[in-house]
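Here is the structure we will look at.
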Amino acid sequence: MILILPILLLFLLFIFYKISKMISRTVAVLIDFLFLGGFTAYSLHKIISVKIASGNAVYFWDIIFFIVSCVLYYIVLNYLVINFPRLAACINYIISWIGTFLVYTTICIIFIGNFPQLLNNEFFSKLTNLIIISIIAIITFNIRKTMFANEERNENLHF
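Note that the numbering used here gives residue 406 to position 151 of the sequence shown, counting from 1, and the numbers run on in steps of one.
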């Protein structure tokens, strides 16, 4: 019985590690998938969905367009990572920064009402917030980098 408990705890720790890794990878691309898929579904709703379906079937086509746009986005990013790694690294960092900015801004507005006042000077306070966003974006970028490429391609892409 005493031997089973450490093994069970190690097993639970391993499962927790795998789940947290999966969640961090999902969150790394979730913002751009939601934005791109939502924009695609919204844009094609009046142009295509309403013309090919009626009633609740319109939303079925919106979901199909959402999924197809996300899959195409993933394929294009993988293609860029394989054939144009420097360009893909720049694009991924820009996307990571925008996603991090949106999440940081949303959290600050919900909980505080504005960016937190970190310094007495307003300009330097906003600059400090942008530096914090950039540091978090580098972490998100590294997660995205491992998600869209394998390890031997990533060795040359330090950003």
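Glycine residues also receive a C-beta, built at the ideal position from the N, C-alpha and C atoms.
Annotation: the continuous alpha helix (DSSP H) that includes N338 extends over A312 to N338. Apart from the 5 residues on each side of it in sequence, N369 sits with its Cβ closer than 8 Å to the Cβ of C363 in its chain, given in chain order. The criterion of a C-beta distance shorter than 8 Å is satisfied by Y328 and L291. Three or more Cβ pairs closer than 8 Å define a contact, and the region 333–344 falls short of that threshold against the region 379–393. For I349 and S304, the gap between their C-alpha atoms comes out near 31 Å. Looking at the backbone, the Cα of I322 and that of L265 are separated by about 37 Å.
Using a Cβ distance threshold of 8 Å, I388 and F339 do not count as a contacting pair. Within a 10 Å sphere around the beta-carbon of T361 sit fewer than 16 other beta-carbons, which makes this residue exposed.
Here F396 carries a helix assignment [DSSP, helix/strand/coil].
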